[in-house]
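Take 109 as the starting number for the sequence shown in our numbering and just add one per residue. Note that CB positions come from ideal geometry on N, CA and C, so glycine has one too. Just so you know, these numbers come straight off a predicted model, no measurement behind them.
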Amino acid sequence: MWRRLGKRRADAAAAEAPTPAGLANYRIERLMGRGAASQVYLAQDRRSERWVALKVLDLGSGPASAEHHDALERFRREATVLHGLDHPGIVAVLDAGPSERGAWMAMEVVTGCDLTRYTRASRLLPPPLVARLGARLAEALAYAHRRGVVHRDVKPANVLVDWTRDVLKLSDFGLARSSEHTQTRSGVALGSPDYMAPEQLAGASVGPAADLYGLGATLYELLAGRRPHEADNLGELLRAVASEPATPLARLRPDLDADLCAAVERLLEKDQALRPHDAAAVATRLWSVADRTSGMRASP
Numbered sequence: 109m110w111r112r113l114g115k116r117r118a119d120a121a122a123a124e125a126p127t128p129a130g131l132a133n134y135r136i137e138r139l140m141g142r143g144a145a146s147q148v149y150l151a152q153d154r155r156s157e158r159w160v161a162l163k164v165l166d167l168g169s170g171p172a173s174a175e176h177h178d179a180l181e182r183f184r185r186e187a188t189v190l191h192g193l194d195h196p197g198i199v200a201v202l203d204a205g206p207s208e209r210g211a212w213m214a215m216e217v218v219t220g221c222d223l224t225r226y227t228r229a230s231r232l233l234p235p236p237l238v239a240r241l242g243a244r245l246a247e248a249l250a251y252a253h254r255r256g257v258v259h260r261d262v263k264p265a266n267v268l269v270d271w272t273r274d275v276l277k278l279s280d281f282g283l284a285r286s287s288e289h290t291q292t293r294s295g296v297a298l299g300s301p302d303y304m305a306p307e308q309l310a311g312a313s314v315g316p317a318a319d320l321y322g323l324g325a326t327l328y329e330l331l332a333g334r335r336p337h338e339a340d341n342l343g344e345l346l347r348a349v350a351s352e353p354a355t356p357l358a359r360l361r362p363d364l365d366a367d368l369c370a371a372v373e374r375l376l377e378k379d380q381a382l383r384p385h386d387a388a389a390v391a392t393r394l395w396s397v398a399d400r401t402s403g404m405r406a407s408p
């Protein structure tokens with residue numbers, strides 16, 4: 109989600125950066141990372157003394173463009189969506205507002221890392237743990253879906269984990285939509301192609317099944333150390349996602365539990381009618397696999 113900065117570079121960048129307008133209630137400690145048009149600061153709320161992750165959208169001082177308008181719309185939508193969600197598996201927004209150059213939101217701090225750290229073959233997590241992570245993510249998605257929210261960008265980079273506190277959080281709801289309005293105005297697909305369902309790549313309306321495809325692609329990568337489809341260019345990737353089945357997990361890792369493989373591969377069905385639509389049922393199935401293979405169930 110964010111490009112991590114070394115401590116020395118982060119401290120220097122924070123020292124050079126002015127306090128964003130409209131944020132007098134926050135004392136910025138340091139820059140934690142940055143995206144294309146956003147920065148995330150570690151900051152302290154002067155009123156409560158609570159530490160927060162302060163996400164600031166900085167669109168500059170130049171004339172507004174269509175890209176700026178879309179970025180601001182996504183940022184505001186993320187703040188609005190997250191403010192209406194209260195679940196231990198979803199990053200909480202504590203406050204939000206406009207600034208002279210964009211907007212900002214104060215979120216709970218999640219120390220640790222995102223799941224991209226564990227997608228390389230040398231760092232794969234134990235399969236029972238992957239099943240547990242998947243179950244907890246499915247529970248978070250089930251909660252969002254019950255409230256009419258489709259995330260639309262489920263992927264390892266948007267899942268934060270803090271092993272010391274047994275915390276797992278789904279983040280970055282910038283592409284989230286009401287389940288009644290899940291198609292972009294232009295019909296152009298938005299998201300991360302490697303983790304997007306075929307119907308989402310086609311720019312069609314999407315629902316909970318698209319989020320569950322993203323969950324399946326995430327779990328597949330955590331288990332296999334590779335994505336369900338890999339290609340040299342975007343065109344080849346789009347064709348593969350639309351028509352080619354992923355390599356069976358058992359072929360890549362014969363040691364994997366058959367039920368775990370089946371659960372993940374069903375999430376990757378091309379036809380959304382054949383894919384699960386009920387995230388709560390997916391969570392139940394993954395908990396069953398986790399409990400049977402490890403005997404341990406971590407609390408969310």
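Of all the CB atoms in chain C, is at least one closer than 8 Å to the CB of E247? Absent from the structure is chain C; it holds one protein chain and no more.
Quick check on DSSP: helix, strand or coil for D340? coil
Quick check for students: name the residue ranges of the beta strand (DSSP E) that lie wholly in the region 133-193, counting only runs of 3 or more. 134-142, 146-153, 159-166
Rounding to the nearest angstrom, what Cα-Cα distance links G220 and D270 in this structure? 5 Å
Using the C-alpha atoms, what's the distance from L330 back to A144? 26 Å
Buried or exposed: where does T272 fall if 16 or more other Cβ atoms within 10 Å of its Cβ makes it buried? exposed
Which two residues bound the contiguous beta strand (DSSP E) that contains V199? Premise fails: V199 is in no beta strand (DSSP E) and is neither H nor E.
If you count every other CB in all the chains shown that lies within 10 Å of the CB of L190, and 16 or more means buried, which is it? buried
If the criterion is Cβ atoms closer than 8 Å, does the pair G197 and L278 meet it? yes
Length of the line joining the Cα atoms of A246 and G322: 11 Å
Mind reading off the beta-carbon distance from L223 to V267? Whole number of angstroms is fine, and I expect it under 8 Å. 5 Å
In angstroms, rounded to a whole number, what distance separates the CA positions of R393 and E186? 30 Å
Considering Cα atoms alone, identify which of L180, R255, D302, D379 is closest to D340. D302
Can you give me the start and stop residues for the beta strand (DSSP E) that D270 sits inside? 267-270
Could you check whether E216 and A284 sit closer than 8 Å to each other, using their CB atoms as the reference points? no
Any idea if G256 is buried or exposed, counting beta-carbon neighbours within 10 angstroms, 16 or more meaning buried? exposed
Just list the alpha helix (DSSP H) runs in the region 357-397, keeping only unbroken ones of 4 residues or longer that don't cross its boundaries, in chain order. 357-360, 366-375
Going by DSSP in three states, P353 sits in which element: helix, strand or coil? coil
Same chain, Cβ closer than 6 Å to T401, five either side skipped, listed in chain order: P236, D365
Relative to the C-alpha of L232, which residue among Y328, H337, R135, L346 is closest? Y328
Go ahead and pull the three-state DSSP assignment for S230. helix
Compute the beta-carbon to beta-carbon distance between D367 and V390, rounded to the nearest angstrom, for a pair I have assumed lies under 8 Å. Not quite, the Cβ-Cβ distance comes to about 13 Å (not below 8 Å), so this is no contact.
CA-to-CA distance, L131 to C369, given in whole angstroms: 48 Å
Reduced DSSP category for V238 - H, G, I as helix; E, B as strand; rest coil: helix
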